[in-house]
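Going by the numbering used here, the first residue of the sequence shown is number 384, and it counts up by one from there.
Where is the CB? At the ideal position from N, CA and C, for every residue including glycine.
On a predicted model such as this, the values are computed, not experimentally measured, just so you know.
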Amino acid sequence: MTILLQTNSVGKAYGAYRALSDVSIAVNAGEKISIVGPNGAGKTTLVNLLTGLLVPTEGEVFFKNENIAGRDPVALAERGLARAFQLVHIFPKLTVEETIAAAIVTRQKKRWRMFSSLHGDTSVTKRAREVAEIFGLENRLDTVSQLLSQGEKKLLDVASAFALEPEVILLDEPTSGISTNDKHRVMKTLIAAAERAGVKAMILVEHDMDLVATYSDRIIAIAEGKMLADLPPKQFFSTESVIEIVVGKKRSH
Ligand SMILES: Nc1ncnc2c1ncn2[C@@H]1O[C@H](COP(=O)(O)OP(=O)(O)OP(=O)(O)O)[C@@H](O)[C@H]1O
Ligand SMILES: [Mg+2]
């Protein structure tokens, strides 16, 4: 098995508060992994460590055998690691097409100075439209991002991550703000898009256990900054002590 992403007893303290400690995981090519746990468990902290956004206070994180602590997210995206955020990170004044095009341009190792000529680059425009269509945003191409609904903003953020054509993609609650009825449709879209884009591994933070059960090869549970379990779905859902902790607390947001 090819390990793409790996942590070695990784931990993070915010000042005196230890949000995460001693987490060792490995993500192999071909895997879809879910990270679950109550609010404040440390899931986003782990995703931030896995994507170089946070520098660990203990342990190490390796992406394709390279220590990525504090690496610039653009450089990591170019190496094949991309993410979407729990709270959407989009440029409010750009249109949907421009937002996706910007991600494509990043992938092509061109920079922002190229942006002014984007409209003239038909290959980028064509690809941006294809990506928008995968995520059902084809009717919103000229809409300024800040005018999108919360669900559409979420999809745009995820679409931008996919436009980077990553090997590994991390999605922090991609279906939050999306109605229960639409969650499965969105997940199916994401997985089909990942397969089509040649994504080798997907890491999903998700609170909806129905989605977790349906779309994971392996489930990692975290509570109070500690790893509780790292199991395939069948074993995970038959370990009652873990389930109780994971779903026991109601979401506060
Ligand atoms: N920048 C920060 N400074 C101080 N404390 C933080 C910071 N970021 C997170 N925390 C704290 O660390 C803990 C873990 O937060 P984290 O965001 O990783 O949780 P989470 O599992 O993603 O929760 P949720 O399900 O609500 O998104 C929480 O107690 C949170 O308040
Ligand atoms: Mg979180």
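Residue from Ser417, Ala604, Ala452 with nearest C-alpha to Glu441: Ala452
With 16 other Cβ atoms within 10 Å as the buried cut-off, status of Arg466: buried
Cβ-heavy atom distance, Thr427 to ligand 1, below 7 Å: yes
Three CB pairs or more closer than 8 Å across the region 600-608 and the region 411-428: yes
Residues of its chain near Lys617, where Cβ-Cβ distance is below 8 Å and the 5 sequence neighbours each way are ignored: none
Spatial distance of Glu535 from Ala396 (CA atoms): 34 Å
Cα-Cα separation between Ala544 and Ile473, rounded to whole angstroms: 11 Å
Alpha helix (DSSP H) segment containing Gln533, residue limits: 533-546
Same chain only: Cβ atoms within 6 Å of Asp593, ignoring 5 sequence neighbours per side: none
Whole-number beta carbon distance between Ser404 and Gly394, since they are thought to touch under 8 Å: 4 Å
contact_flag[the region 473-490, the region 508-515] where n(CB pairs < 8 Å) is 3 or more: yes
Own chain partners of Arg496 with C-beta closer than 7 Å, once the 5 adjacent residues on each side are dropped: With a pLDDT of only 48 at Arg496, under 50, the local geometry of the prediction cannot be trusted, and the value read off the model is given with reservation. Contacts found: none.
Spatial distance of Arg510 from Gln491 (CA atoms): 12 Å
Cutoff 8 Å: Glu535 Cβ touching any chain C Cβ: No chain C is part of this structure, which consists of one protein chain only.
Segments assigned alpha helix (DSSP H), at least 4 residues, entirely inside the region 542-614: 563-579, 592-598
Same chain only: Cβ atoms within 7 Å of Leu547, ignoring 5 sequence neighbours per side: Ala460, Ala465, Ala486, Thr489, Arg490
Inter-stretch contact (C-beta, 8 Å, three-pair minimum) for the region 577-592 and the region 546-563: yes
Assigned secondary structure, Ala409 (DSSP; H/G/I helix, E/B strand, else coil): strand
Alpha carbon of Lys609 to alpha carbon of Ser624, nearest angstrom: 15 Å
Collapsed DSSP secondary structure at Thr489 in the structure displayed: helix
Proximity test, Tyr598 beta-carbon vs ligand 1 heavy atom, cut-off 7 Å: no
Cα-Cα separation, Ala409 to Leu432: 13 Å
Simplified DSSP assignment, three categories, for Phe445: strand
Close Cβ partners of Pro475 (< 8 Å) along its chain, the five nearest in sequence each way excluded: Val527, Ser528, Gln529
Rounded separation between Pro439 and Phe468 - CA only: 19 Å
Coil, strand or helix - Gly394 by DSSP: strand
C-alpha distance - Lys566 paired with Leu573, whole-angstrom precision: 10 Å
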